[in-house]
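Heads up: the structure comes next, in structure tokens.
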């Protein structure tokens, strides 16, 4: 699941490792979907250590009554000099498309392979710990989730990017391999 909206999200700014909280819209949206999350049988929530993910997790947790575990390795990709820039200015320079390319690293940013190794390694640890078919919710960030879906799950990049508060449903087989059950579940828009 992608965290709720922040002021940067609403202003169309790139948000990597700048640690900012949810805005009022983000809090409202998370509160609106939290009761619906009961239907998914979630036993535990994992989230990144950024305040926007922690707030999202805590709001949902308080409604569905499960514990939250933070994992630093679920944090967003470091965007280097692009962090905080407007998406329009970056799009004009061609950087938006380049961010999804495996061989592009923004200046002072994190390489795709490094962040994929970090994120997918954590996802595998979570799965291995919950192989007895416990359903868990992982709350992270749009960019890193899109990279994971694109390169690990081989899902088209357009389908892999999430709106705030939207999520993909994945399951694993007995070998721990990931499979897609549903893409882009958006309870705010009523798309289960």
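In our numbering, the protein residues as written are 1003 to 1194. Beta carbons are placed, not taken as given, at the ideal position from N, Cα and C, and that holds for glycine.
**Report entry** CB of residue 1155 within 9 Å of CB of residue 1121, strictly
**Finding:** no
Requested in this report: Just tell me which of 1084, 1038 and 1109 has its CA closest to the CA of residue 1192.
Outcome: 1038
Requested in this report: Identify, in the order they occur along the chain, each residue of the same chain with its Cβ nearer than 8 Å to the Cβ of residue 1010, setting aside the five sequence neighbours on each side.
Outcome: Cβ neighbours of residue 1010 beyond the five flanking positions: 1016, 1017, 1020, 1022 and 1086.
Query raised in the report: Using the C-alpha atoms, what's the distance from residue 1083 back to residue 1071?
Result: 30 Å
**Report entry** C-alpha gap between residue 1069 and residue 1106, whole angstroms
**Finding:** In a straight line, the C-alpha of residue 1069 is about 37 Å away from that of residue 1106.
Requested in this report: Consult DSSP for residue 1069 and reduce its assignment to one of helix, strand or coil.
Outcome: strand
Query raised in the report: Which of the three DSSP states, helix, strand or coil, is assigned to residue 1243?
Result: Outside the displayed range of the chain (1003 to 1194) lies residue 1243, so it cannot be described from this structure.
Query raised in the report: Does at least one heavy atom of the ligand MN sit under 8 Å from the Cβ of residue 1168?
Result: The ligand MN is not part of this structure, which contains no ligands at all.
Query raised in the report: Using DSSP with H/G/I as helix, E/B as strand and the rest coil, what is residue 1046?
Result: strand
Query - Best match in 1092, 1044, 1007 and 1012 for proximity to residue 1029 [C-alpha to C-alpha] - result: 1007
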